[in-house]
Every structure is written in C-alpha cells, then in structure tokens.
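Colleague:
In the working numbering, the protein residues as written are 6 to 336.
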C-alpha cells in the first residue's frame with residue numbers, strides 16, 4: 006500500500022519540486038526566463054509529444070471502459086488459449102485487429118487483466134500490439150520505401166522479442182504482477198457489478214474519466230521530463246557518442262527511450278539516420294521505442310509491481326539489443 010501511495014503522489018511531488026525554483030526566481034527573472042529560447046523549445050517539444058500521445062490515451066481509456074461495461078469476466082477465460090505457445094502467438098498477432106498505439110495499450114490491457122487475462126498474454130500484447138499492426142506497417146513501409154528489409158525486420162524482431170518475453174513470463178511469473186491496489190480494486194468492482202448492475206452510459210463515462218486522470222498524470226510527467234532531456238542535451242553531442250559499432254546501438258536505443266515517439270511516426274525519424282547507420286541500430290530504435298519509452302515506463306509502474314517492471318525492462322533491452330545485432334549480421 007505504501008508503494009502504491011508513493012507512485013500515485015510521485016507526479017504531484019515532482020511538479021511541486023519543479024515549481025519551487027520557478028516561483029523563487031519569478032519576481033526578478035520571470036519574464037526573461039519564459040522568453041528564453043530553451044524554454045520556448047521545451048514548450049514546443051512538450052506540446053508536440055503530448056498532442057501526439059493524448060488521442061491514443063483517450064482511445065485506450067474509452068476502449069477500456071467499453072470492456073468494463075460489456076465484456077464479462079468468464080468470456081476472457083473462455084477465449085484465452087490454454088496452451089502458452091498458442092496464447093503468446095495469439096497475443097502477438099492481436100494488434101492486427103486491435104491496432105492500438107503504446108500510449109493507449111496499457112489502460113486496455115490493465116482492464117483485461119482485471120477481468121482475468123493471463124499475464125503472459127497481456128504483456129505479449131503490450132509489447133507487440135503497437136508494432137505488429139497494419140497502421141505501423143504502412144507507416145514504416147512509407148518511411149523506408151527503398152529498404153524493405155527494415156520493414157520486415159522490424160515486424161519479425163518485434164514478434165520474436167514479444168513472444169520470447171511472453172514465454173519467459175509464463176515460465177517464471179507465478180504471481181499476479183498487477184499492483185496489489187489494482188487487484189483489490191478489480192475484486193471490489195466485480196462484486197459491485199454483481200449487486201448493482203452498473204451497466205449504464207453514466208458509469209461508462211465515470212469510469213473513463215477516472216482512468217483518464219489516472220493515466221494522463223503519468224503521461225504529462227513523462228512528456229515533460231522527455232522534453233527537458235531533449236532540450237538540455239544537444240543531439241550533436243549524442244550523435245558523437247554513436248560512432249562505434251556497439252555504441253550506435255546504445256545511442257539509438259537511448260534515443261528511442263528519450264524521444265518517446267508514437268509508433269506510427271517513429272519510422273520517419275529513424276529514416277533520417279539511414280544514410281549513416283546500418284540496419285541493426287535502426288531496428289533497435291524501431292523496436293525498443295514502442296515497447297519501452299519514458300512515458301510508457303511510468304505507466305507500467307502505475308500498473309505493475311516495481312520488481313516486475315524492472316525485470317521486464319531489462320528483458321526488453323537485452324533481447325532487442327541481441328536481436329538487432331543478430332539481424333544486422335544476417336543482413
């Protein structure tokens with residue numbers, strides 16, 4: 006419970022910490038501070054990332070509320086494949102019919118897990134859904150018209166990484182990885198539904214509003230910190246670090262984490278590096294970003310237990326790196 010309270014209050018605490026120096030210098034330097042070019046750049050980056058992410062969060066929250074309203078718990082148990090391999094493959098390909106961006110994925114999967122979706126299927130869908138869908142495939146194909154190997158390499162590597170992590174979770178994760186407060190909420194919600202029958206549009210919008218507030222505060226915090234990092238660290242200095250064969254992977258994976266781009270637009274950013282980098286580093290950027298970036302990491306911490314999120318993050322980084330190096334050697 007203490008950990009849950011900590012993560013809920015973290016965004017507000019960090020906001021207060023940020024506002025203290027602003028309030029302190031405002032009487033003397035306020036106007037000059039907000040007219041500074043770096044502040045203008047930070048504001049532009051923040052608004053750009055937030056406007057890109059918010060529609061997908063909204064879509065995910067509304068879909069989550071529809072699932073809460075109309076999908077019965079026993080349906081989830083009936084539809085889920087019992088065989089772990091079939092379940093992982095099913096989850097990895099689910100994005101073809103449910104093309105949800107990574108920003109809206111976590112609210113949907115969280116709701117499905119509260120209704121009984123197994124963790125290995127849920128995490129596989131979180132990792133693969135934002136990449137293995139027709140919208141992202143078309144965007145990647147458009148960005149890399151003359152490099153189809155990048156397009157199919159992205160799809161193939163995303164499938165392999167997501168499936169492997171799903172199978173690892175099935176083998177090693179015996180307890181529910183959802184935060185305890187969410188598990189208690191799911192149990193209480195099921196009981197309330199059985200006695201009060203709250204299947205009305207009023208309950209739909211109430212649930213959507215609560216979940217939108219819960220998810221948005223982490224996205225706002227993640228977007229702001231991402232904008233700060235992009236503003237304070239010049240890209241030229243980062244590019245200078247990526248000259249080596251291994252450091253180029255670290256550079257592009259770090260870029261993917263920091264930039265926090267939507268999976269429908271990151272291919273166009275990656276294509277700008279195609280003349281200076283080989284396929285491997287480009288794939289590491291295109292696969293890691295939708296699976297793990299700054300704002301989605303905060304949303305994961307809001308949903309899953311901290312140890313589970315840390316282990317999942319390390320698995321993603323290691324497997325994406327190893328897979329990108331392997332594909333680069335093949336190509």
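Backbone N, C-alpha and C define an ideal beta-carbon position, used for all residues, glycine too.
Near residue 109, what residues of its chain come up, given a Cβ to Cβ distance below 8 angstroms and the 5 sequence neighbours on each side ignored?
Modeller: Residue 109 sits at position 104 when you count from the first residue of the chain shown. 61, 62, 63, 64, 65, 66, 68, listed in sequence order.
Colleague: Spell out the partners DSSP gives residue 218 in its beta bridges.
Modeller: Working through the chain shown from its first residue, we reach residue 218 at position 213. None; residue 218 has no bridge partner.
Colleague: Here's the rule I'm using: 16 or more other beta-carbon atoms within 10 Å means buried, otherwise exposed. How should residue 268 be labelled?
Modeller: The residue you call residue 268 lines up with position 263 of the chain shown. Buried is the call here.
Colleague: Between the Cα of residue 70 and the Cα atoms of 291, 321, 206, which residue gives the shortest distance?
Modeller: Translated into positions along the chain shown, residue 70 becomes position 65. Checked all of 291, 321, 206; the closest Cα to residue 70 is 206.
Colleague: Among all the DSSP beta bridges, which residues are the ones paired with residue 309?
Modeller: Numbered from its first residue, the chain shown carries residue 309 at position 304. Looking at the DSSP assignment, residue 309 forms a beta bridge with 183.
Colleague: Just to confirm my understanding: we take residue 94, look at its own chain, exclude 5 residues before and 5 after, and list those with CB closer than 8 angstroms. What are they?
Modeller: Taking the chain shown and counting its residues from 1, the one referred to as residue 94 is at position 89. Spatial neighbours of residue 94 in its own chain (CB-CB distance under 8 angstroms, excluding positions within 5 residues in sequence) are listed in chain order as 168.
Colleague: Distance check for residue 211 and residue 285, CA to CA, integer angstroms please.
Modeller: Taking the chain shown and counting its residues from 1, one reaches residue 285 at position 280. Taking the chain shown and counting its residues from 1, one reaches residue 211 at position 206. Their backbone Cα atoms lie some 45 angstroms apart in a straight line.
Colleague: Rounded to the nearest angstrom, what separates residue 264 and residue 235 at their Cα positions?
Modeller: Translated into positions along the chain shown, residue 264 becomes position 259. Translated into positions along the chain shown, residue 235 becomes position 230. Rounded to whole angstroms, residue 264 to residue 235 spans 7 angstroms at the Cα level.
Colleague: Just the C-alpha distance for residue 57 and residue 86, rounded to the nearest angstrom, thanks.
Modeller: For the purposes of this step, residue 57 is identified with residue 52 of the chain shown, where counting begins at 1. For the purposes of this step, residue 86 is identified with residue 81 of the chain shown, where counting begins at 1. Each residue's alpha carbon lies about 34 angstroms from the other.
Colleague: Any idea what DSSP makes of residue 328, helix, strand or coil?
Modeller: Along the chain shown, one-based indexing puts residue 328 at 323. In the structure shown, residue 328 sits in a helix (DSSP, three-state: H, G or I).
Colleague: Could you give the first and the last residue of the continuous alpha helix (DSSP H) run that contains residue 280?
Modeller: Indexing the chain shown from 1 puts residue 280 at position 275. Unbroken run through residue 280: none, as it is neither H nor E.
Colleague: What is the rounded straight-line gap between the Cα of residue 174 and the Cα of residue 113?
Modeller: Position 169 of the chain shown, counting from 1, holds the residue named residue 174. Position 108 of the chain shown, counting from 1, holds the residue named residue 113. So the alpha carbons of these two residues sit roughly 19 angstroms apart.
Colleague: Just confirm the distance between the C-beta atoms of residue 329 and residue 288, as a whole number of angstroms; I'd bet it's less than 8 angstroms.
Modeller: Here residue 329 corresponds to residue number 324 of the chain shown, with the count starting at 1. Here residue 288 corresponds to residue number 283 of the chain shown, with the count starting at 1. Yes, they are in contact, since the Cβ atoms of residue 329 and residue 288 sit about 5 angstroms apart, within 8 angstroms.
Colleague: Specify the secondary structure class of residue 212 as computed by DSSP and reduced to three states.
Modeller: Locating residue 212 in the chain shown gives position 207, where the first residue counts as 1. Here residue 212 sits in helix by DSSP.
Colleague: Looking at residue 315 and residue 297, is the spacing between their C-beta atoms short of 8 angstroms?
Modeller: For the purposes of this step, residue 297 is taken as residue 292 along the chain shown, with counting starting at 1. For the purposes of this step, residue 315 is taken as residue 310 along the chain shown, with counting starting at 1. Taking 8 angstroms as the Cβ cut-off, residue 297 and residue 315 do not qualify as a contacting pair.
Colleague: In angstroms, rounded to a whole number, what distance separates the CA positions of residue 304 and residue 224?
Modeller: Taking the chain shown and counting its residues from 1, the one referred to as residue 304 is at position 299. Taking the chain shown and counting its residues from 1, the one referred to as residue 224 is at position 219. One C-alpha to the other measures close to 7 angstroms.
Colleague: Quick one: what's got a C-beta closer than 7 angstroms to residue 184's C-beta in the same chain, skipping five residues either side?
Modeller: Counting from one through the chain shown, the residue named residue 184 turns up at place 179. Same-chain partners within the cutoff: 9, 308, 309, 310.
Colleague: Could you give the first and the last residue of the continuous alpha helix (DSSP H) run that contains residue 150?
Modeller: Here residue 150 refers to the residue found at position 145 of the chain shown. For residue 150, there is no enclosing alpha helix (DSSP H), as DSSP gives it neither H nor E.
Colleague: Taking DSSP as the reference, what is the three-state secondary structure of residue 102?
Modeller: Residue 102 sits at position 97 when you count from the first residue of the chain shown. In the structure shown, residue 102 adopts coil according to DSSP, grouped into three states.
Colleague: Measuring only the C-alpha atoms, how far is residue 319 from residue 326?
Modeller: Within the chain shown, residue 319 is the residue found at index 314, counting from 1. Within the chain shown, residue 326 is the residue found at index 321, counting from 1. Residue 319 and residue 326: Cα-Cα distance of roughly 11 angstroms.
Colleague: If you measure between the beta carbons of residue 156 and residue 149, is that distance less than 8 angstroms?
Modeller: Your numbering for residue 156 matches position 151 in the chain shown. Your numbering for residue 149 matches position 144 in the chain shown. Yes, the Cβ-Cβ distance between residue 156 and residue 149 is below 8 angstroms.
Colleague: Cα separation between residue 42 and residue 218?
Modeller: Taking the first residue of the chain shown as 1, we reach residue 42 at position 37. Taking the first residue of the chain shown as 1, we reach residue 218 at position 213. Going by the C-alpha atoms only, they are around 31 angstroms apart.
Colleague: Look at the Cβ atom of residue 258, then the Cβ atom of residue 290, and state whether they are nearer than 8 angstroms.
Modeller: Taking the chain shown and counting its residues from 1, one reaches residue 258 at position 253. Taking the chain shown and counting its residues from 1, one reaches residue 290 at position 285. Cβ distance < 8 angstroms, so residue 258 and residue 290 count as in contact.
Colleague: Is residue 160 closer than 8 angstroms to residue 142 when the C-beta atoms are compared?
Modeller: Your numbering for residue 142 matches position 137 in the chain shown. Your numbering for residue 160 matches position 155 in the chain shown. Yes, the pair counts as a contact, with Cβ atoms nearer than the cut-off.
Colleague: With DSSP run on the structure shown, which of helix, strand or coil describes residue 120?
Modeller: Along the chain shown, one-based indexing puts residue 120 at 115. Three-state DSSP puts residue 120 in coil, outside helix and strand.
Colleague: What residues in its chain sit with their C-beta under 6 angstroms from that of residue 261, if we drop five residues either side in the sequence?
Modeller: Taking the first residue of the chain shown as position 1, residue 261 is located at position 256. Excluding residues within five positions, the ones whose Cβ falls inside 6 angstroms are 290, 293, 294.
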